[in-house]
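These protein sequence lines map, in sequence, to chains A and B. To get my numbering, take the position in the first sequence, counting from 1, and add 15. To get my numbering, take the position in the second sequence, counting from 1, and add 15. Even for Gly, the Cβ is constructed at its ideal location relative to N, Cα and C. As the structure is a prediction and not an experimental result, all values here were calculated from the model. Below is one structure; the comments refer to it alone.
Protein chains: 2
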Amino acid sequence: MNIRFYNVRLLTMANGVKVTEGELWVKGNRIAYVGDKNLEAAARESWDREIDGQGNVLMPGFKDAHTHSAMTFLRSYADDLPLLDWLHKQVFPMEDKLRPEHIAPLTKLAIMEYLTSGITANLDMYYFADEIARAAIETGFRTVIQGSVGGDASGAERLRQEYERLRNRHELVTYQLGFHAEYTASRELLEAVAALAEEYKKPVFTHNSESRSEVEQCVEKNGMTPTAYLDSLGIFNYGGTVFHCVHMTDEDLDICKKRGISIVTNPGSNTKLASGIARIHDMLKREINIGIGTDGPASNNCLDMFREMFLVTGLGKLRQDDASAIDANDVLYMATAGGARAMGLNDCDTLEEGKLADLVMIDLRQPNMQPLNNIAKNIVYSGSKQNVKLTMVNGKILYEDGRFYIGEEPEDIYAKANEIIKEFTK
Amino acid sequence: MNIRFYNVRLLTMANGVKVTEGELWVKGNRIAYVGDKNLEAAARESWDREIDGQGNVLMPGFKDAHTHSAMTFLRSYADDLPLLDWLHKQVFPMEDKLRPEHIAPLTKLAIMEYLTSGITANLDMYYFADEIARAAIETGFRTVIQGSVGGDASGAERLRQEYERLRNRHELVTYQLGFHAEYTASRELLEAVAALAEEYKKPVFTHNSESRSEVEQCVEKNGMTPTAYLDSLGIFNYGGTVFHCVHMTDEDLDICKKRGISIVTNPGSNTKLASGIARIHDMLKREINIGIGTDGPASNNCLDMFREMFLVTGLGKLRQDDASAIDANDVLYMATAGGARAMGLNDCDTLEEGKLADLVMIDLRQPNMQPLNNIAKNIVYSGSKQNVKLTMVNGKILYEDGRFYIGEEPEDIYAKANEIIKEFTK
């Protein structure tokens, strides 16, 4: 499909945060033109659709840089419990019931929600990775799947197989080496993962320093923080991306800087699970690349980049005791290009000629976006899902004006999710 | 208009947080029936409209219990600045330019946003109260206006006049005695306000203990915290409602309990301005009535009860270091019936026969509301403006499926707001 968006405001994220007026062309799955109004040239093209943007904003799709999509089945299933009760008495026993056939429908439910929030790609980490890939391919969503192995060293072989099987699975699917977390992996597994990273010359993705107790236990066991311990094993010799990072020492942050590790912050989940507030201010000062993730829908409970963006800046201001901390423009970068970089997606991070057409149209003709004093700050501070007019992934419109174009009826996906949780709780 | 909602889920908030199935009738501006499906009786009535709720939720409208609506003109005008620079260099000089004719259009812009968030009434505090009333009456929105005087004792006479003029202005408008804050009022004014409270036997509304410095300065000047100082002057002899209350001592909370004072929490604003996290847990323990407010759009920057609800529970969990703190069901009460009580609105707080028809329909057929493990918790933890299908105030539908029915075109209201800020900045 060749699609022309005209009469739009452009927030390309290619050269800082700047809003211009113009048009954008999509040919196939790529951006063919982005710039000033160009009526003459446009008239020479043949268009499947010409969309009058009515002055609304086109910007790169948000990147949800850490999530567990299929956990939709546990949304609002057991909230307001102490963390360990929630995890051990509610989440783990339910997850034990999951079979491969449950994953694609539950992931599709999450994908629908990503689309309503202008999210065009995620970094997904959950059981049955092939089924995550299936959900993305069938709906047309872009996903980066990462390994989530734990336990003894045998996990490394499963990780290698998954990597080989999925890394070139489809144009919408990529795969990254990874493991669940330091506290669920044996030293032997971690050494084997480091060897895989060395063999493939690839970065490694993992949960890191989410809770205080996790850090304390690692220090007690290994004499080092999780970040230092993993680094000492060579895990990050080719970089990596680490999630949560709520409880980081200066030395931990220095390691991230030195190794080129990206940090993905998950403020909604860290808030709801009372994990704490990440040191975003200190990460920015070190120029560490930062992405934003929703975490899974059992711990958040929603998949909404607008909520996350507000929390990144708001919690950062609270933490620093300074209303000027964590500028909204920095947050907008994290939610788009920063996240893309953290996920290893360097071809759909900004709106530029030749890049993949992963973009979103933000509806400014809503009361929460008016007046137009500062459009970028409106998006970060007052934006909401109601402002997502259109979400395009890989050149295809998957969501527009409240309707989904994902090859399946929403009601069928809702019904399946409700059936699964009913079956698990009967 | 007589309107029948059938095939709905009912979250009446009348007896705890409980979802049932049934129908609800509106006759004129009141709820005429709420309960089980009743086809026979419904057939005997004549309806202007019968709305198939398709299983969606009807609940009481949210109450925004502290805001400054007309500050819409400063939304995203000057963010990410240190608090005092923002206030003294940006906000105050711009507010000096406001004239009465600016207030109604700027307030209407806020009212539109309230409607998109399912808010059916607000407690508004700003300059030119008669123009706030006008905006509410012209759009059909319910507003409680409060006095916001400051300075010397002469303010008390203005307050009395405003009270006399506006307290019976219209069925949609009520008025409460109030002043801006302890730190902007002379002792003489506070004594005169206390005398008015005594004369009318009425509660008093004010900002209270929002920032640490405000509390410290009061202690230095008066040897007491703001709450204790105001109480010592007799301000709360007939109760009252106090906003923010971020920095409260145990004694302050005990005074609120003893005097029957409601506290309105403003977590979005307190976060963005780095003011701190209120002691909601300790307020709940004392059974102090709590409402939720967005504060004005210059400090938040949006008017969204879903964001505020998540923040009340999330920040409370962070503050207590406990994922089980501040149950979502308590938050839903604060956002509806608790807020209504704080605002002196006892006739539109729950869905019951005879109550005013101020209600909202929540769209469950959206991915963020699925599966239906716990509908009330879905609303608090994953709800967003996208889920507001219909907002009714005083028996009239003012917002439905993204369209406004407020006697004026949205584009005209946006244009006026943009003109005003343009005029002020040229």
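Taking 7 Å as the upper bound on Cβ-Cβ separation, chain A lies near residues 124, 127 and 128 of the stretch 111-128 of chain B. Using a 10 angstroms sphere on the CB of residue 70 of chain B, the tally of other CB atoms stays under 16, which defines it as exposed. Within the stretch 156-174 of chain A, no residue has a Cβ lying closer than 7 Å to any Cβ of chain B. Distance from the Cα of residue 158 of chain B is smallest, within the candidate group B/183, B/347, B/169 and B/168, for B/183. In this structure, the straight-line span from the alpha carbon of residue 327 of chain B to that of residue 343 of chain A is close to 22 Å. Residue 56 of chain A sits exposed, since fewer than 16 C-beta atoms from the chains shown fall within 10 Å of its C-beta. Non-local beta-carbon contacts of residue 432 of chain A in its own chain, meaning distances under 7 Å to residues more than five positions away in sequence, involve 87, 88, 120, 121 and 124 in chain order. Comparing alpha carbon positions, the residue from A/142, A/239 and A/188 closest to residue 174 of chain A is A/142. Residues 321, 324, 377, 383 and 384 of the same chain have their beta carbon placed closer than 8 Å to that of residue 398 of chain B, with the five preceding and five following residues left out of the count. When C-alpha distances from residue 247 of chain B are compared across B/206, B/257, B/230 and B/222, the shortest belongs to B/206. Taking 7 Å as the threshold, the shortest C-beta distance from residue 333 of chain A to chain B falls below it.
The alpha-carbon of residue 350 of chain B is positioned some 7 Å away from that of residue 79 of chain B. For the 7 Å CB-CB criterion, residue 209 of chain A and residue 249 of chain A form a contact. Between the stretch 59-75 of chain A and the stretch 25-42 of chain A there are three or more C-beta pairs closer than 8 Å, enough to call the two in contact. Residue state for residue 156 of chain A is assigned as coil, using DSSP reduced to three classes.
Taken in chain order, the complete beta strand (DSSP E) segments of 3 or more residues contained in the stretch 36-97 of chain B are 45-50, 64-67, 72-75 and 77-82. When the five nearest sequence neighbours on each side are left out, the beta carbons in the same chain lying within less than 8 Å of the beta carbon of residue 45 of chain A are those of 369, 370, 371, 372 and 410, in order along the chain.
Burial state of residue 151 of chain A is buried, judged by a 10 Å Cβ sphere holding 16 or more other Cβ atoms. Close to chain A, meaning a Cβ-Cβ distance shorter than 7 Å, are the following residues of the stretch 88-102 of chain B: 88, 90, 91, 92, 94, 95, 96, 97, 98 and 101.
Sorting B/253, B/92, B/31 and B/41 by C-alpha distance to the C-alpha of residue 16 of chain B places B/41 at the top. Chain order gives no chain A residues near residue 413 of chain B, where near means a beta carbon separation below 7 Å; the closest approach is about 12 Å. Rounded to whole angstroms, residue 430 of chain B and residue 21 of chain A show a C-alpha spacing of 22 Å.
Under DSSP, residue 223 of chain A shares a beta bridge with A/259.
Within 7 Å of the CB of residue 329 of chain A, the CB atoms of chain B belong to 286 and 287, in sequence order along the chain.
Judged by DSSP in its simplified three-state form, residue 412 of chain B adopts strand. Residue nearest to residue 396 of chain B within the set A/63, A/319 and A/160 is A/319 (criterion: CA-CA distance). Contact check for residue 289 of chain A against residue 338 of chain B passes: the beta carbons are separated by less than 7 Å. By DSSP's assignment, residue 418 of chain B forms a beta bridge with B/415. By the Cβ rule, the stretch 301-310 of chain B counts as touching the stretch 349-365 of chain B, because three or more pairs are nearer than 8 Å.
Look at residue 108 of chain B: its C-beta is not under 7 Å from any C-beta on chain A.
Excluding its 5 nearest sequence neighbours in each direction, residue 185 of chain A has C-beta neighbours in its own chain below 6 Å: 152, listed in chain order.
Using beta-carbon distances, residue 432 of chain A counts as an interface residue toward chain B, with a partner under 7 Å. By the criterion of a C-beta distance shorter than 8 Å, residue 296 of chain A is surrounded in its chain by 331, 334, 335, 340 and 341, once the five residues flanking it on both sides are discounted. Within its own chain, the residues whose Cβ lies closer than 8 Å to the Cβ of residue 233 of chain B, once the five positions on either side in sequence are excluded, are 197, 198, 239, 240, 241 and 244, listed in chain order.
Shown here, residue 31 of chain A sits in coil according to DSSP, grouped into three states, outside any helix or strand. For residue 305 of chain A, the enclosing beta strand (DSSP E) starts and ends at 305-307.
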